[in-house]
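Here the sequence shown is numbered in the numbering used here, starting from -5 and rising by one per residue.
Don't be surprised by glycine CBs; every beta carbon is placed ideally from N, CA and C.
Read the structure below first, then the notes.
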Amino acid sequence: MSGNQEFSGSEYCIFDMDGLLIQHEANQYIHGHYPDLADKLSMDNFVAERNRKQDETFAKVQPMKGAVELVKHLHGHNTPITLATSSRDAVFRFKSSNLAHFFDAFPANSIITADSKEEPNGRGKPCPDIYLAAARSLGRKVGYGEQSDIEAERIERSKGLGLEAGVRAGMDVIWVPDAEVRAANPRETYGAKVILASLSDFKPEL
-5 MSGNQEFSGS EYCIFDMDGL LIQHEANQYI HGHYPDLADK LSMDNFVAER NRKQDETFAK
55 VQPMKGAVEL VKHLHGHNTP ITLATSSRDA VFRFKSSNLA HFFDAFPANS IITADSKEEP
115 NGRGKPCPDI YLAAARSLGR KVGYGEQSDI EAERIERSKG LGLEAGVRAG MDVIWVPDAE
175 VRAANPRETY GAKVILASLS DFKPEL
């Protein structure tokens, strides 16, 4: 299913962060724009250059298209929302420091990072642990194993580990893929329930 969609009965929403709510990470920018950089620099210099670029990027990072409007809409209609990111807490705070007014819509105890105590397994994606922990943070009894019985909308940006983890958690995954990824195999859903071009196309029926 793709295109503009109406969604009804969403009990709560779990968001990923990088590439969905905010623009991609700085190291992805470096690799994309300077693919030979790692060959030209020593490891120490590459890490220093990556960190410098991260500092620049995170200071001015912008939300992805439709992210602010959707989060505000859900928050305003009292739909529980939570964030599940593979970033560690310190990195999350750094990435989101420029957008505190936006991330304030998420309850502090429902922002699950890679090192959150709510996610004790620490196995990372594509294991579903972090998304199940996010659902539990909202008081949902979803268990700890794969294919839990979950009535939620899990929103994912790019085909990969995060998408697989959401599917393995038994969630209804809404995939917002990069255009190039989608074009490479336009008929493949990878288990997503719905595929959208951007969060602007997500029209929850509340």
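- As summarised for the region 160 to 200, the continuous beta strand (DSSP E) elements at least 3 residues long and confined to that stretch are 166 to 169, 196 to 199, given in chain order.
- With contacts defined by Cβ atoms closer than 9 Å, residue 184 and residue 161 form a contacting pair.
- Contact annotation: the region 47 to 56 does not touch the region 7 to 14, with fewer than three C-beta pairs closer than 8 Å.
- Taking a 10 Å sphere around the C-beta of residue 41, we find fewer than 16 other C-beta atoms and assign the residue as exposed.
- Nearest to residue 94 by alpha-carbon distance, out of 122, 15, 138, is 15.
- Going by DSSP, residue 63 is part of the alpha helix (DSSP H) stretching over 61 to 70.
- Counting every other CB atom within 10 Å of its CB across the protein chains shown gives residue 125 a total of 16 or more, marking it as buried.
- At the C-beta level, residue 167 and residue 181 stay beyond 9 Å of one another.
- Residue 70 and residue 56 have their alpha carbons spaced roughly 21 Å apart.
- Shown here for residue 97: same chain residues with a beta carbon closer than 6 Å to its own, the five before and five after excluded, namely 90 in chain order.
- The C-beta separation of residue 100 from residue 76 comes to about 7 Å, placing the pair in contact by the 8 Å criterion.
- Between residue 106 and residue 84, the C-beta gap is not smaller than 9 Å, which leaves the two residues out of contact.
- In the three-state reduction of the DSSP assignment, residue 12 falls in the strand class, which pools E and B.
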